[in-house]
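Participant: According to this note's numbering, the residues represented by the sequence shown are 28 to 208, in order. The C-beta atom is built at its ideal place from N, Cα and C for all residues, glycine as well. Since the structure is predicted, the reported quantities are computational estimates derived from the model, not experimental observations. I'd like to ask you about the structure that follows.
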Amino acid sequence: MNDLTRVMQAADAAARWHVHQRRKGQAAEPYVNHLIEVASLVTTATEGREPDAVIAALLHDAVEDQGVAIDLIASEYGQKVAGIVMEVTDDKSLPKAERKRLQVESAGHKSREARLIKLADKTSNLRAIANSPPPDWSVERRLEYVRWAREVAAQVRGTSPWLEQQFDEAANHAEQSAAKS
Numbered sequence: 028m029n030d031l032t033r034v035m036q037a038a039d040a041a042a043r044w045h046v047h048q049r050r051k052g053q054a055a056e057p058y059v060n061h062l063i064e065v066a067s068l069v070t071t072a073t074e075g076r077e078p079d080a081v082i083a084a085l086l087h088d089a090v091e092d093q094g095v096a097i098d099l100i101a102s103e104y105g106q107k108v109a110g111i112v113m114e115v116t117d118d119k120s121l122p123k124a125e126r127k128r129l130q131v132e133s134a135g136h137k138s139r140e141a142r143l144i145k146l147a148d149k150t151s152n153l154r155a156i157a158n159s160p161p162p163d164w165s166v167e168r169r170l171e172y173v174r175w176a177r178e179v180a181a182q183v184r185g186t187s188p189w190l191e192q193q194f195d196e197a198a199n200h201a202e203q204s205a206a207k208s
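Okay, here's the thing in structure tokens:
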């Protein structure tokens, strides 16, 4: 099976697995938009040369948010993709503050593919916070998210200059958007 077919099958699976999930923002857009944006950022950052990273980007929240078995991902998309997905999957049994701390602590020790996905994920989230913040998030909470995302991104600097620029622009826009609120 060729790489394009594998990517499209992963996009289809991601859309099905997340069909009822919505973003937290005021627009409540379908969650699959986030997955596609993350995958698009990874595709551009890798010039389309790392299909396993793109597939993992599409599936990066499947285990954490939808309870998809990692064994299913491994059998459908290979052990490499499953390994990347596991690297970016938070342990939901831990308190939120601990999960956030661990993301900062571990980000720099992940594979290149996982670092790309982390950076693309944070970029997408910051864009969403700037353009359609969750209605129940205060300005302080939005700014706290930006601060934390910058801490995570600092750990993966040197992974992709282009993606780091996208992140920086998104973080600055999210801060400016919050300041205008």
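To the nearest whole angstrom, what separates the beta carbons of ALA72 and LEU143, a pair I think is in contact under 8 Å?
Facilitator: The Cβ separation is near 6 Å, so the contact holds.
Participant: Suppose you measure from the CA of TRP175 to the CA of LYS127; what does that come to, to the nearest Å?
Facilitator: Roughly 8 Å separates the two Cα atoms.
Participant: In terms of alpha-carbon separation, which member of GLY52, ASP163, GLU56 and ALA84 lies closest to SER67?
Facilitator: Closest option to SER67, Cα to Cα, is ALA84.
Participant: Expressed to the nearest angstrom, what Euclidean distance is found between the alpha-carbon atoms of ALA109 and GLN48?
Facilitator: Computed Cα separation, rounded: 22 Å.
Participant: Quick check on this structure: which residue in MET35, ASP117, GLU74 and ALA206 has the alpha carbon closest to the alpha carbon of ASP88?
Facilitator: Considering only alpha carbons, the answer is ASP117.
Participant: From the DSSP output, in three-state form, read off PRO78 for me.
Facilitator: If DSSP states are grouped into helix, strand and coil, PRO78 belongs with the helices.
Participant: Sorted by chain position, which residues of the same chain lie with C-beta nearer than 7 Å to SER208's C-beta, five sequence neighbours on each side aside?
Facilitator: Closer than 7 Å at the Cβ level, and outside the excluded window around SER208, lie VAL166.
Participant: Tell me whether the beta-carbon of GLN182 lies closer than 8 Å to the beta-carbon of GLY135.
Facilitator: Yes. Within cutoff.
Participant: Count the other C-beta atoms from every protein chain shown that fall within 10 angstroms of the C-beta of LEU146, then say buried if there are 16 or more, exposed otherwise.
Facilitator: Flag for LEU146 reads buried.
Participant: Taking the CB atoms as reference points, tell me whether VAL69 and ALA42 lie closer together than 8 Å.
Facilitator: Against a cut-off of 8 Å, the Cβ pair of ALA42 and VAL69 comes out as no contact.
Participant: Under 7 Å Cβ to Cβ from LYS119, same chain only, skipping five residues before and after it: list those, please.
Facilitator: Only GLU91 meet the Cβ criterion.
Participant: With a cut-off of 8 Å on the beta carbons, I'd call ALA205 and ARG169 a contact; round off their distance for me.
Facilitator: That belief holds up - the Cβ atoms of ALA205 and ARG169 are roughly 4 Å apart, short of 8 Å.
Participant: Is the Cβ-Cβ distance between SER159 and ALA54 less than 8 Å?
Facilitator: Closer than 8 Å, so yes.
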